[in-house]
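A short worksheet on the structure shown next.
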DNA sequence: TTGCGTGTTATACTACATATATAACAAATA
DNA sequence: TATTTGTTATATATGTAGTATAACACGCAA
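Residue numbers (this note's numbering), protein chains in the order written: chain A, 1 to 127; chain X, 1 to 127.
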């Protein structure tokens with residue numbers, strides 16, 4: 001599990017870290033029940049502060065991706081993340097609407113956009 | 001052109017305002033060449049500070065959605081926004097990847113996701 | 001028992017972003 | 001000339017991001 005961060009990005013480090021882990025889980029490079037590095041180890045490894053890693057871990061725990069057994073460490077939720085419900089879908093819609101409006105203004109065709117999404121699914125899920 | 005903001009949201013006001021305007025353009029409720037309210041008028045109308053409106057206008061100008069003739073006011077770019085190029089598509093991909101990874105973790109099927117995107121296109125573009 | 005490693009909490013600090021409040025300036029227009 | 005426009009300049013308050021130390025509580029292994 002390699003973690004690649006961009007310190008020049010305007011996306012916060014803890015956010016990038018969250019994304020990397022979520023992508024790792026989606027790609028099944030991080031398996032249910034698998035243990036993640038300790039906050040200190042990962043922080044030291046990446047070259048950031050332990051609190052930044054902790055922030056990412058805490059939020060991922062809050063969102064149901066991770067379980068944190070005190071003293072046992074941080075593991076990928078063996079049950080998997082909570083299933084998408086109506087509320088989740090509604091929020092996703094609100095997130096996507098401005099993005100899609102932007103592509104429309106820029107003349108991207110619906111088919112092109114959907115193809116792009118399809119490609120990303122392919123990339124993550126494999127064949 | 002009604003502008004609806006959520007002051008409880010964790011999305012910055014100027015960002016919400018930008019989104020509203022972009023959606024307005026995409027829906028053709030704001031037409032090329034059409035004039036927008038002055039920073040003072042809109043700020044007063046919504047009940048926010050003129051600098052917050054100005055920040056949104058400036059960034060939309062930077063992104064090519066708006067033109068700002070000094071003393072003539074702010075108008076929707078008559079040429080339309082810059083067309084999506086490879087660079088734009090690449091950034092869009094980077095934005096969508098974590099979102100899609102998240103939906104995969106939550107067990108949403110690709111078809112469901114694509115259907116949602118399709119619905120949003122319908123909502124914005126009309127039939 | 002004694003260390004050690006774990007997550008956790010607390011404090012402090014710097015830097016930056018968000019949002020507001022005033023005030024003033026420059027240019028075009030009525 | 002007076003008004004309206006965007007623009008610029010300060011200042012202030014609040015919150016977020018990130019770092020730096022330090023200490024605590026718990027479980028496990030030597």
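We put the beta carbon where it would ideally sit given N, CA and C, even for glycine.
Exercise for the section: Just the C-alpha distance for residue 44(A) and residue 121(A), rounded to the nearest angstrom, thanks. Expected result: On the first chain, residue 44(A) is found 44 positions in, with the first residue counted as 1. On the first chain, residue 121(A) is found 121 positions in, with the first residue counted as 1. Approximately 32 Å, taken between the alpha carbons.
Problem - Among 88(A), 48(A), 38(A), nearest to residue 70(A) - alpha-carbon criterion - result: The residue given as residue 70(A) occupies position 70 in the first chain. If we check each option's Cα against that of residue 70(A), 38(A) comes out closest.
Handout entry: Partner residues on chain A for residue 95(X), Cβ-Cβ distance less than 9 Å
Key = On the second chain, residue 95(X) is found 95 positions in, with the first residue counted as 1. Result: 99.
Practice task
Hey, could you find the ends of the alpha helix (DSSP H) residue 100(A) is sitting in?
Solution key: Residue 100(A) sits at position 100 when you count from the first residue of the first chain. First-last of the alpha helix (DSSP H) with residue 100(A): 86-105.
Problem - residue 124(A) to residue 113(X) span [Cα, whole Å] - result: The sequence position of residue 124(A) within the first chain is 124, counting from 1. The sequence position of residue 113(X) within the second chain is 113, counting from 1. Their Cα atoms are separated by approximately 14 Å.
Handout entry: Distance CB(residue 77(X))-CB(residue 67(X)) smaller than 7 Å
Key = If you number the second chain from 1, residue 77(X) lands on position 77. If you number the second chain from 1, residue 67(X) lands on position 67. Yes, the Cβ-Cβ distance between residue 77(X) and residue 67(X) is below 7 Å.
Exercise for the section: Please list, in chain order, all residues of the same chain as residue 29(X) whose beta carbon is under 8 Å from its beta carbon, the five residues on each side excluded. Expected result: Along the second chain, read from residue 1 onward, the residue named residue 29(X) stands at position 29. Within the same chain, residue 29(X) has close Cβ partners 1.
Handout entry: Short CB-CB distance (under 7 Å) between residue 77(X) and chain A
Key = Residue mapping note: residue 77(X) aligns to position 77 of the second chain, counting from 1. So no, residue 77(X) is outside the interface.
Exercise for the section: Measure how close the beta-carbons of residue 23(X) and residue 35(A) come, nearest whole angstrom, since I'm counting them as under 8 Å. Expected result: Your numbering for residue 23(X) matches position 23 in the second chain. Your numbering for residue 35(A) matches position 35 in the first chain. Contact doesn't hold; Cβ gap of about 44 Å is too wide.
Practice task
For residue 55(X), collect the residues of the same chain with a Cβ closer than 7 Å to its Cβ; drop the 5 residues on either side in sequence, then sort them by chain order.
Solution key: If you number the second chain from 1, residue 55(X) lands on position 55. Result list for residue 55(X): 14, in chain order.
Handout entry: Minimum C-alpha distance to residue 26(X) - residue among 126(A), 116(A), 109(A), 119(A)
Key = Looking up residue 26(X) in the second chain gives position 26. Comparing Cα positions, the closest option is 109(A).
Practice task
May I have the straight-line CA-CA distance separating residue 33(A) from residue 20(X), to the nearest angstrom?
Solution key: Along the first chain, read from residue 1 onward, the residue named residue 33(A) stands at position 33. Along the second chain, read from residue 1 onward, the residue named residue 20(X) stands at position 20. Taking the straight line from one Cα to the other gives about 42 Å.
Problem - is_contact[residue 108(X), chain A] using C-beta, thresh 7 Å - result: On the second chain, position 108 is the one that residue 108(X) refers to. Chain A contact via Cβ: present.
Handout entry: residue 46(X) - DSSP class collapsed to helix/strand/coil
Key = If you number the second chain from 1, residue 46(X) lands on position 46. The answer is helix: DSSP assigns residue 46(X) an H, G or I state.
Problem - Contacting residues, own chain, Cβ-Cβ under 8 Å from residue 9(X) (five flanking each side not counted) - result: Looking up residue 9(X) in the second chain gives position 9. Correct list, in chain order: 16.
Practice task
Would you mind working out which of 57(X), 117(X), 49(X), 59(X) sits nearest residue 94(A), comparing C-alpha positions?
Solution key: Within the first chain, the letter at position 94 stands for residue 94(A). Ranking 57(X), 117(X), 49(X), 59(X) by Cα distance to residue 94(A) puts 117(X) first.
Handout entry: C-alpha gap between residue 50(X) and residue 11(A), whole angstroms
Key = One-based indexing of the second chain puts residue 50(X) at position 50. One-based indexing of the first chain puts residue 11(A) at position 11. Those two C-alpha atoms are separated by around 27 Å.
Practice task
Flag residue 83(A) as yes if its beta-carbon sits less than 7 Å from any beta-carbon of chain X, otherwise no.
Solution key: Translated into positions along the first chain, residue 83(A) becomes position 83. Yes, residue 83(A) counts as interfacial toward chain X.
Handout entry: Below-7 Å beta-carbon distance, residue 6(X) vs any chain A residue
Key = The residue you call residue 6(X) lines up with position 6 of the second chain. So no, residue 6(X) is outside the interface.
Exercise for the section: Reducing DSSP to helix, strand and coil, say where residue 68(A) ends up. Expected result: The residue you call residue 68(A) lines up with position 68 of the first chain. Reduced to three states, the DSSP call for residue 68(A) is strand.
Problem - Same chain only: Cβ atoms within 6 Å of residue 53(X), ignoring 5 sequence neighbours per side - result: To locate residue 53(X), count along the second chain from 1; it is residue 53. The residues are 39, 42, 43.
Practice task
Provide the residue(s) that pair with residue 36(A) in DSSP beta bridges, ordered along the chain.
Solution key: Numbered from its first residue, the first chain carries residue 36(A) at position 36. DSSP lists 74(A) as partners of residue 36(A).
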